[in-house]
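*Asks:* Just dropping this structure here.
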Amino acid sequence: KIGAEIKPIEGSAGSANVVFTIVEGERAKIHKFLFKGNTSIPEEDLRSSFGQRPWYDPRGWFTDTPVSAQDLEDARSQAEEVYKDHGFLDAKVATPVWEKIGKEKANVVFEVTEGDVYNVESTAIRGVKLFPEAEVLSSSKLKANDLAGRKAIDDAAKDVRDYYGGRGYVDTAVRPVIETIAGKPGRVAITFEVREGELAYIRNIVIRGNNKTKDKVIRREVMVSPGEIMNEVRIERSENRLKNLGYFSNVRHYNEKTDDPTKRDLVYEVDEQRTGNFMVGAGFSSIDQLVGFAEVTQSNFDILNWPNFTGGGQKARLGVEAGTRRQTIEASVTEPWFLDRPLALTVEAYRRLRWYDQYDDIRTGADAGLSYPVKVGRVGVRYTLELVQMSDVEDKEWYLDPDGTKDSTPDSYTGDANEYFKYQDDQYGDAINSVVRLYWTHDTRDQAFIPTKGYQATLFGDLYEGAVGDNELYKLGANYRQYFRMPWYKHVLSLRGRLETIDAYGGSGGSDEVPIYEKLFLGGPRTIRGVEYRDVGPKLYSDDGGDHAPLGGQTLSLVTAEYTIPVFKAVRFATFMDAGSLGADAFSPEFSDVCVSFGVGLRIDIPGFPIRFDFAKAAIMDDDYTDDQIFSFAIGFE
């Protein structure tokens, strides 16, 4: 308790001291939040409504514990809303009381009166004059016998409001009236009382608050135009599009009356936020081993706005990776509305070095691509020009069979016989790749990070042309991922299929061989778990048959299935099956040499740095020489 007393200062006119008297009371820490009388909804669900979760759930680690009177009132109200959303419309959660336990500890106890759970007996509507009543009422998703949850009722009222708003009738108000049915406990009749608004048209669209972002970057996301009706459904959808850009901490819209009662000004007001990010980190994986990385991104980049370079709605990225198996530097810029059309232009420059056991693959180049939305998905074209180099190439002799009787190099090769990787370097090293890719992609996933439903599909064709480049190849491929949200809490089944083939149609010196660095490889954490990285498929063998090296193939087939179960917020348990084959020739899937593995794993869902740990065992090997790898871990889920 805190009291205050004013004490005039003797001999000083108009001056006084203010004395505060404080009675501290006993100090106590909250031990638990408890609920009494809650027979229908678990205590954990009620606690989680105001951020109090079990110790092992990271969502509660950074949540403040309600302590003040206002905090506890908010907690009480949120717990009560849980009941009302479950159809307990009469439910009451009383103001909590403190129960002291031991020294300096207390429980906070909420008394619950649940009441009956209600279902919808009937729905009706009043106040409709402009449209047929039945048509307006049918716009509501709430039907007879549905659970009469507060959120469901409010959503149904919004459906009716959107019926008017989508037709330009602004300021329409819809109020649901809930009445119990005499003689039918647990049943309610819901009547939507409508106050119809006025038909209005858009005079101007006004943008406010964008000190950095150009007006056109915002306007191109707005799905209505001046002169159209005030379609509130499309106006709200436009607001959501602006929020999804990530440029603004808050976006809101409203309309302002004009001199003409039939016209309004539509206003979008935004609060800008930081759009540039710098990330640095390090990791370790089965494939890349130790790797460090740094990345600078700007999601609202403007290449012409010197020296700030912000506000144009472009995406820019500069990334560097350095590790024991990989070194990369990449820079890219994407203009999503090239020529003020929904035509995405991406330009990228890179240098990528990858260490393999037998050689290093170094690629230095640039690419530029355009993509355009079509009725289903996007279509695009990309051109890549790069220099491919092989370095640190080993000079060991390799053979096409374990007995050492089939030569790996042609008789026409003038270098040392069967030094296969030296032969590849001499024949195809320091080559120019000039590649045109045509592709179609479609993505219906509900979210890019840890999707729970939808699919992602890609079809592509690559042409390595010989007018500018040295290699003459073509490559065709398809990749499909489907995600199913299971009926159990956040269980997800994901299926993946991948099919690719590559072949030569000429090449340097008229060769019809595909260079080793363009072949397809299979095996390891990102394809078939339970076996060594790139170890599935055709191989080369040392002369004594005691060692082998991956040769790669020209036709890759892969299917995977994975089922994940949440352990808590940031961790999921996974069980999976991988199966695939790698054929030596184009359009030759080699289904007789399939490798199949099964396993379990953990997924650590850290945004920007997801980690997966897998334990897998191959049930069927493609041959007797493929090595297994029981444990693997990787950064990223794909």
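Add 429 to a position in the sequence shown, counting from 1, and you land on the number used in this note's numbering. Heads up, the beta-carbon is just placed ideally off N, CA and C, and yes, glycines get one too. All values derive from a computational prediction rather than experimental measurement.
Can you give me the C-alpha to C-alpha distance between Y828 and P736, rounded to a whole angstrom?
*Replies:* As a position in the sequence shown, residue 828 is number 399, starting the count at 1. As a position in the sequence shown, residue 736 is number 307, starting the count at 1. Rounded to the nearest angstrom, the gap between the Cα atoms of Y828 and P736 is 59 angstroms.
*Asks:* Inspect the CB distances between the region 842-849 and the region 802-820 and report whether three or more fall short of 8 angstroms.
*Replies:* no
*Asks:* Report the rounded CA-to-CA distance for L518 versus T739, giving the unit in angstroms.
*Replies:* For the purposes of this step, residue 518 is identified with residue 89 of the sequence shown, where counting begins at 1. For the purposes of this step, residue 739 is identified with residue 310 of the sequence shown, where counting begins at 1. When rounded, the distance between both Cα atoms is 50 angstroms.
*Asks:* When DSSP builds the beta bridges, which residues end up paired with V817?
*Replies:* Taking the sequence shown and counting its residues from 1, one reaches residue 817 at position 388. The beta-bridge partner set that DSSP reports for V817 consists of R792, A860.
*Asks:* What residue range is occupied by the uninterrupted beta strand (DSSP E) comprising Q727?
*Replies:* On the sequence shown, position 298 is the one that residue 727 refers to. Per DSSP, Q727 belongs to the beta strand (DSSP E) from 718-730.
*Asks:* Using the DSSP secondary-structure output, state which residues sit across from N1075 in a beta bridge.
*Replies:* Given that the chain is displayed from residue 430 to residue 1067, the structure contains no residue 1075 and the question cannot be resolved.
*Asks:* Going by beta-carbon coordinates alone, are D694 and N633 separated by less than 8 angstroms?
*Replies:* Reading the sequence shown from its first residue, position 265 is the one you call residue 694. Reading the sequence shown from its first residue, position 204 is the one you call residue 633. Contact flag set, yes.
*Asks:* Express the C-alpha separation of V696 and A933 in angstroms, rounding to a whole number.
*Replies:* Along the sequence shown, read from residue 1 onward, the residue named residue 933 stands at position 504. Along the sequence shown, read from residue 1 onward, the residue named residue 696 stands at position 267. So the two alpha carbons sit approximately 58 angstroms from each other.
*Asks:* In the DSSP assignment, find the beta strand (DSSP E) that holds V762 and state where it starts and stops.
*Replies:* Numbered from 1 along the sequence shown, position 333 holds the residue referred to as residue 762. Its beta strand (DSSP E) spans residues 755-764.
*Asks:* Does the region 592-600 touch the region 514-529, meaning 3 or more C-beta pairs lie closer than 8 angstroms?
*Replies:* no
*Asks:* Of the choices G898, G531, D830, I607, whose alpha-carbon is the least far from that of K513?
*Replies:* Taking the sequence shown and counting its residues from 1, one reaches residue 513 at position 84. Residue I607 is the option with its Cα nearest to K513.
*Asks:* Buried or exposed, going by whether 16 or more other CB atoms sit within 10 Å of the CB of G939?
*Replies:* The residue you call residue 939 lines up with position 510 of the sequence shown. Any reading at G939 must be qualified, since the residue scores a pLDDT of 44, below 50, and its modelled position is unreliable; no value is offered.
*Asks:* Just the C-alpha distance for D1052 and F722, rounded to the nearest angstrom, thanks.
*Replies:* Here the question's residue 1052 lines up with position 623 in the sequence shown. Here the question's residue 722 lines up with position 293 in the sequence shown. Approximately 37 angstroms, taken between the alpha carbons.
*Asks:* Looking at K613: is its Cβ nearer than 8 angstroms to the Cβ of E550?
*Replies:* Locating residue 613 in the sequence shown gives position 184, where the first residue counts as 1. Locating residue 550 in the sequence shown gives position 121, where the first residue counts as 1. Cβ distance < 8 angstroms, so K613 and E550 count as in contact.
*Asks:* Check each candidate in R670, E698, G741 and name the one with the smallest Cα separation from G705.
*Replies:* Your numbering for residue 705 matches position 276 in the sequence shown. Of the candidates R670, E698, G741, the one whose C-alpha sits nearest the C-alpha of G705 is G741.
*Asks:* Please tell me whether V810 has its Cβ less than 8 angstroms away from any Cβ of chain B.
*Replies:* Considering every chain present, this structure includes no chain B. It has just one protein chain.
*Asks:* Please report how far the alpha carbon of P831 lies from the alpha carbon of E848, in whole angstroms.
*Replies:* Along the sequence shown, one-based indexing puts residue 831 at 402. Along the sequence shown, one-based indexing puts residue 848 at 419. Using only the alpha carbons, I get a separation of about 15 angstroms.
*Asks:* Hey, A1003 and V1029: beta-carbon distance below 8 angstroms or not?
*Replies:* Here residue 1003 refers to the residue found at position 574 when the sequence shown is read from its first residue. Here residue 1029 refers to the residue found at position 600 when the sequence shown is read from its first residue. Yes, the pair counts as a contact, with Cβ atoms nearer than the cut-off.
*Asks:* Check the C-beta distance from L571 over to I554 and give it rounded, since I have them as a contact under 8 angstroms.
*Replies:* As a first step, residue 571 is located in the sequence shown; it is residue number 142 there, counting from the start. As a first step, residue 554 is located in the sequence shown; it is residue number 125 there, counting from the start. At roughly 11 angstroms, the Cβ-Cβ gap does not stay under 8 angstroms, so L571 and I554 are not in contact.
*Asks:* In the DSSP assignment, find the unbroken alpha helix (DSSP H) run with V565 in it and report its ends.
*Replies:* As a working note, residue 565 is residue 136 in the sequence shown. 562-567 is the span of the alpha helix (DSSP H), which, as asked, contains V565.
*Asks:* Out of R925, E625, R616, point me to the one whose CA is closest to V603's CA.
*Replies:* Stepping through the sequence shown from its first residue, residue 603 is reached at position 174. For the options R925, E625, R616, the alpha carbon positioned closest to that of V603 is the one of E625.
*Asks:* If you measure between the beta carbons of G798 and L814, is that distance less than 8 angstroms?
*Replies:* On the sequence shown, residue 798 is found 369 positions in, with the first residue counted as 1. On the sequence shown, residue 814 is found 385 positions in, with the first residue counted as 1. Not in contact: G798 and L814 (Cβ atoms no closer than 8 angstroms).
*Asks:* For the beta strand (DSSP E) that N706 lies in, which residues bound it at each end?
*Replies:* Counting from one through the sequence shown, the residue named residue 706 turns up at place 277. For N706, the uninterrupted beta strand (DSSP E) segment begins and ends at 705-714.
*Asks:* In this structure, how does DSSP classify S1061 when only helix, strand and coil are distinguished?
*Replies:* Counting from one through the sequence shown, the residue named residue 1061 turns up at place 632. It is a strand residue.
*Asks:* Could you please give the first and the last residue of the uninterrupted alpha helix (DSSP H) stretch that includes N633?
*Replies:* In the sequence shown, residue 633 corresponds to position 204, counting from 1. First-last for N633: 630-637, but that is the beta strand (DSSP E), not the alpha helix (DSSP H).
*Asks:* Whole angstroms is fine: what's the gap from F913's alpha carbon to V988's?
*Replies:* Position 484 of the sequence shown holds residue 913. Position 559 of the sequence shown holds residue 988. Answer to the nearest angstrom: the Cα atoms are 16 angstroms apart.
*Asks:* Whole angstroms are fine: how far does the CA of K904 sit from the CA of Q983?
*Replies:* To locate residue 983, count along the sequence shown from 1; it is residue 554. To locate residue 904, count along the sequence shown from 1; it is residue 475. Each residue's Cα considered, the two are about 9 angstroms apart.
*Asks:* Tell me which residue opens and which closes the alpha helix (DSSP H) that N428 is part of.
*Replies:* Outside the shown range of the chain, which is 430 to 1067, sits residue 428, and nothing can be said about it.
*Asks:* Who are the Cβ neighbours of V511 in its own chain at under 8 angstroms, not counting the five residues just before and after it?
*Replies:* Here residue 511 is taken as the residue at index 82 of the sequence shown, counted from 1. Correct list, in chain order: I470, D474, L475, S478.
*Asks:* Check each candidate in P771, I664, G516 and name the one with the smallest Cα separation from V599.
*Replies:* Within the sequence shown, numbered from 1, the residue matching residue 599 stands at position 170. Nearest Cα to V599 within the set P771, I664, G516: I664.
*Asks:* Run through DSSP, which three-state label would S937 get?
*Replies:* Start at 1 with the first residue of the sequence shown, and residue 937 comes out as number 508. The pLDDT assigned to S937 is 46, lower than 50, so where the model puts this residue is not dependable, and the model offers no usable value.
*Asks:* Rank W527, T468, Q507, G466 by C-alpha distance to the C-alpha of V496 and give the top, closest one.
*Replies:* Reading the sequence shown from its first residue, position 67 is the one you call residue 496. The residue with the shortest Cα to Cα distance from V496 is W527.
*Asks:* Quick check: L888 and W917, are their CB atoms within less than 8 angstroms of each other?
*Replies:* If you number the sequence shown from 1, residue 888 lands on position 459. If you number the sequence shown from 1, residue 917 lands on position 488. Result no, Cβ atoms of L888 and W917 do not sit closer than 8 angstroms.
*Asks:* List the DSSP bridge partners of H977.
*Replies:* Residue 977 sits at position 548 when you count from the first residue of the sequence shown. Paired residue(s): Y970.
*Asks:* Quick one: grab the DSSP three-state call for Q853.
*Replies:* Numbered from 1 along the sequence shown, position 424 holds the residue referred to as residue 853. When secondary structure is reduced to three states using DSSP, Q853 falls in the helix class.
*Asks:* For the region 749-764 and the region 714-721, state whether three or more C-beta atom pairs, one from each stretch, are separated by less than 8 angstroms.
*Replies:* yes
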